[in-house]
Amino acid sequence: MPRSRRVVVTLVALAALLAVPALSLTAGQPFYIDLFTRIMVFAIAALSLDLILGYGGMVSFGHAAYLGIGAYAVGMLSFHGIGNGFVHFGVAILASALTALVIGFISLRTSGVHFIMITLAFAQMLYFLAESLNLYGGDDGLNIARASSFGGSIDLGDPVERYYFVFLWLLAFLYLGHRLVHSRFGLLLQGVKSNERRMAAIGFPTLRYKLAGFVIAGTVCGVAGALYANALLFVSPSIMHWTRSGEIMMMVILGGMATLTGPVLGAALYLILESVLPRATEHWQAILGPILVLVVLFSKSGLLGLLADGVKRRSGARA
Amino acid sequence: MPEALLETERLVKRYGGLVATNAVSLAIETGELHAVIGPNGAGKTTLIAELAGEIAPDAGSIRFAGADITARSVAERAALGIARSFQITSIFREFSVLDNVALAVQARAGHSFRFWRPARSDPRLRDPARAILAEVGLEARAGLPAASLSHGEKRALEIAIVLATRPRLLLLDEPMAGMGPQDSAGMVRLLAGLKRRVTIVLVEHDMDAVFALADRVTVLVYGRVIATGAPAAIREDVEVRRAYLGEEG
Amino acid sequence: MINALEQVLNGTQFGVMLFLMAAGLTLVFGIMNLINLAHGALYMIGAYVAAWTFGATGSFLLALVAAIAAALLLGVAIEVIVFRRLYARDHLDQVLATFGLILFFDEMVRVIWGATALYMSVPAFLSGRVELLPGVPYPTYRLAIIAVGLLVALLLYLVIGKTRIGMLIRAGASNRVMVGALGVNVVLLYTLVFALGAALAALAGAMAGPIFTVEAGMGENVLILAFVVIVIGGIGSIRGAFVAALLVGIVDAVGRAFLRPLLALLMSHAAADAAGPALASMLIYILMAAVLFVRPQGLFPPRGR
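Residue numbers (this note's numbering), protein chains in the order written: chain A, 1 to 319; chain B, 1001 to 1249; chain C, 2001 to 2305.
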């Protein structure tokens, strides 16, 4: 799809996100601020997955693990009385980067279904680990008393300030992601997805670059996890369950794979459906499942493709 | 007498009961165009794969510019200057033609842990890529998606990618596969132009091309070298005629 | 010592059930190159139909038959409607599409049978215990599961190894394209293989009814383990699936029982209480990671892989 259309859609989406707090407060529906905060958190998570999945071709089925690591970093530190935001986010970033390094180092030696399975297995391991940590709530989860504190410069306890904090992170990652995918590193990843055998034959030691991409993606997702903990003030092992990884993948596909805006749209679509459909029927998952199947079978460029091409059609055949 | 650029010493590869490479010893001189021919199933592609590093031999060694590379990976050998084209076209279909070649230039332009500057507008990558496209006659197609090229153009792109890595040794696996006479003639001209600048090991079935281009020819039958020498001598060799060209003489 | 024997038997029982799941999965993946996350749904359907039929009729045999029949019907339906379009697609598409199927089936089961778990009792003729050794009683039902599992393994071995259709299946697992090129009706072969896998999964689910909770989502946990089994065993290999399934089952059971007391020898009781169960849950995955690291193609990869 033409790039200019995508830029238009992106700008509209960002403008809409910018306006959400004002609109929801005016309408007397502060619930939407929470909803869109969560949407942005998952947008960041989906964006990080799209980097290695959509651009790099690495089907990692354990990406939700990094959400968990980031969230538990905040939760555990808070549990022990450490409320400093810099420490929270610093530890979240460090922990997810290290975990991604270890998991990636072992998993990236495999490919295809083995890779999918081994990333899935590692995520399950972390899930069980979290479940067994009775000190931090185990299966029941961990309540977080207070949001990360940045010393008075920003109060993450206030929904609106928290909203724009997350928004800034999303904006930053969108921009950084944009530079990354067009850089030499980004082209290399896309080359690996396109034809890894050829990449090796022209002299690229592909493993180290895939690993770097894997670590970057895991780290960004870890930040999403830390933001998640602040948004919900609660974390439980279910955030790392493999079905959660599947949901993040769904967001990437529904929104438009191998784009930056796609994951954002996908997260919005998924979470909005998740909050709207249950009012129609408690069995909304029975509708969501087939929708996903249909999207996969018939429409690979997702919502972004639909919007971008739809815009084109409406503006006439002035190609 | 110049030292051979590429030497193999009694290379062996077995697949169960089948011996695909049977004690193959070769010495490829710097600057020569050395053709490897043989009937189907002779093990030519296996040999190329062993030289490129995709298949590990069961026995024997490979030396490149005097150093033993038998244990080196595909990417390591490519970085040393050994480039390989594939029998079945292996390009980056979703990328543009120019991107394909620029990626190969990038492979030899230091590490790629560069996350910030847009690569598509970097003249250090684009300019050499354009030059190579001009050399293979594809400069008019630079902006098109690689998937949209004709078969002959794709084979030319394959060569362009390989050239962009500034190789010392080219391993070409049937570059003319599936080409009509016009495209083949173009490819022969291209390869002729490359002679002397780069050492080439050429696996081909097209005999006209082989005898037009090759400085020396090695004949492989059931994984064994049965003759090596100048094209004219090979043509006359009794063993070769019997094994390969049939007994009509 | 006696406890160890009991754990090994429990592990074997769990292992044969994993084998029933893994056998179908490995065939489908090995021959059709299709990752089917919805395989667990067939297991779940088997359990639900069996539990409901047993509750309604009191006949365990009828329950088994109904479960397998339901899975066969459903399996063929999915294969024709969804899977035929997925064979040519890449793994990501297959993962996502079958994930969507999971969501659908988990919910449909709630629609039909409600959100609370179904109860299935052990059938009367299999209740009670058997004295394996003097003073070592073991539940008859679990022994029956082991017996059925071993019988199925033997049957599969005979069919796959000794019959013509088995030869086609083995050939397909090694080189799918060639089988098609040889003029075999590949479409029919695929449907057949898939149906076989579905039947095995349903059998496992039906037998699981009295032991495990019959609820939505029960398929997912078993599915992951089944995937772990086929990865360890070698994708496409029934023999590999058998060995790996028993290995996984026994390691899991023994690990859960003995890891905590073992750790308690090395560290404080409190630490062992926390670390034991955690490590036990992770044990199988550590095993898989180790196997993949050392032998990426699995323990018994079919020839040609």
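For each residue, glycine too, the CB sits at the ideal point set by N, CA and C.
Under 9 Å, do glycine 2233 of chain C and glycine 2240 of chain C count as touching if we go by C-beta distance?
yes
CA-to-CA distance, alanine 2088 of chain C to isoleucine 1055 of chain B, given in whole angstroms:
28 Å
Tyrosine 127 of chain A and tyrosine 72 of chain A: beta carbons closer than 9 Å?
no
Closer than 8 Å between beta carbons: that is the criterion. Which residues of the segment 200–227 of chain A meet it against chain B?
Ala200, Ala201, Ile202, Gly203, Phe204, Pro205, Thr206, Tyr209 and Ala212
When Cβ atoms are compared, which residues of the segment 2272–2305 of chain C fall closer than 7 Å to chain A?
Ala2274, Pro2277, Ala2278, Ser2281, Met2282, Tyr2285, Met2288, Ala2289, Leu2292, Phe2293 and Pro2296
My understanding is that alanine 1078 of chain B touches glycine 203 of chain A, with C-beta atoms under 8 Å, so please give their C-beta distance in whole angstroms.
3 Å
Using only alpha-carbon positions, find the residue among B/Glu1153, B/Arg1108 and B/Gly1178 that is nearest to alanine 201 of chain A.
B/Arg1108
Tell me, please, whether the CB atom of arginine 2260 of chain C is closer than 9 Å to any CB atom in chain A?
So, not an interface residue.
Measure the Cβ-Cβ separation of leucine 133 of chain A and isoleucine 248 of chain A and say whether it is below 9 Å.
no
With DSSP collapsed to three states, give me the class of glutamate 1248 of chain B.
Annotation note: pLDDT 45 at glutamate 1248 of chain B (below 50); position unreliable, no value reported.
Using DSSP bridges, identify the partner residues of histidine 1034 of chain B.
B/Val1201 and B/Arg1216
Taking C-beta to C-beta, are leucine 1080 of chain B and isoleucine 1200 of chain B nearer than 9 Å?
no
Are the segment 73–85 of chain A and the segment 149–168 of chain A touching, with three or more C-beta to C-beta distances below 8 Å?
yes
Against serine 183 of chain A, what residues of chain B qualify as contacts under a CB-to-CB distance less than 8 Å, listed in chain order?
Arg1114, Phe1115, Trp1116, Arg1117, Pro1118 and Ala1119
Rounded to the nearest angstrom, what separates arginine 1020 of chain B and proline 1123 of chain B at their Cα positions?
The sequence given here has alanine at residue 1020 of chain B, not arginine. If you take the alpha carbons of alanine 1020 of chain B and proline 1123 of chain B, they lie about 45 Å apart.
Contacts of isoleucine 116 of chain A in chain C (Cβ-Cβ under 8 Å):
Ile2035, His2091 and Val2095
Counting beta carbon pairs with one atom in the segment 22–34 of chain A and one in the segment 186–199 of chain A, are three or more of them shorter than 8 Å?
no
Whose CA, out of A/Leu47, A/Arg5, A/Gln29 and A/Ile33, lies closest to the CA of leucine 265 of chain A?
A/Leu47
Suppose you measure from the CA of isoleucine 1069 of chain B to the CA of alanine 123 of chain A; what does that come to, to the nearest Å?
C-alpha separation (whole angstroms): 39 Å.
For serine 315 of chain A, count the other beta carbons within 10 Å of its own beta carbon; 16 or more makes it buried, fewer makes it exposed. Which is it?
With a pLDDT of only 41 at serine 315 of chain A, under 50, the local geometry of the prediction cannot be trusted, and no value is derived from it.
Report buried or exposed for alanine 2077 of chain C, applying the criterion of at least 16 other Cβ atoms within 10 angstroms of its Cβ.
Per the 10 Å Cβ criterion, exposed.
At which residues does the alpha helix (DSSP H) containing glutamate 161 of chain A begin and terminate?
159–182
Helix, strand or coil at proline 1181 of chain B [DSSP, three-state]
helix
Every unbroken beta strand (DSSP E) inside the segment 11–69 of chain A [3 residues or more]
Here no run is fully enclosed.
Using only alpha-carbon positions, find the residue among A/Gly112, A/Ser78, A/Leu17 and A/Leu288 that is nearest to valine 160 of chain A.
A/Leu17
Is the distance from the Cβ of methionine 125 of chain A to the Cβ of serine 2281 of chain C below 9 Å?
yes
CB contact check: glycine 186 of chain A to chain B, cutoff 9 Å:
The beta carbon of glycine 186 of chain A falls within 9 Å of a beta carbon belonging to chain B, placing the residue at that interface.
With three or more C-beta pairs closer than 8 Å as the rule, is the segment 93–106 of chain A touching the segment 217–226 of chain A?
yes
Are threonine 259 of chain A and aspartate 50 of chain A closer than 9 Å when you measure CB to CB?
Going by C-beta atoms, threonine 259 of chain A is nearer than 9 Å to aspartate 50 of chain A.
Check distances from the C-beta atoms of the segment 2056–2082 of chain C to those of chain A and list, in chain order, the residues that come in under 7 Å.
Val2082
Is methionine 1001 of chain B close to chain A, meaning its C-beta is less than 9 Å from at least one C-beta of that chain?
Low confidence applies here, because methionine 1001 of chain B scores a pLDDT of 47, under 50, leaving its location unreliable; read the following figure in that light. No - not a single Cβ of chain A is within 9 Å of the one on methionine 1001 of chain B.
For chain A, is any of its Cβ atoms less than 9 Å away from the one on leucine 1202 of chain B?
no
Is leucine 2118 of chain C close to chain A, meaning its C-beta is less than 9 Å from at least one C-beta of that chain?
no
Identify which residue in B/Val1012, B/Phe1092, B/Gly1043 and B/Thr1030 has its Cα closest to the Cα of alanine 1059 of chain B.
B/Val1012
Are the C-beta atoms of glutamine 190 of chain A and some chain B residue less than 9 Å apart?
yes
In angstroms, rounded to a whole number, what distance separates the CA positions of glycine 1017 of chain B and alanine 2070 of chain C?
When the Cα atoms are used, glycine 1017 of chain B and alanine 2070 of chain C turn out to be separated by approximately 47 Å.
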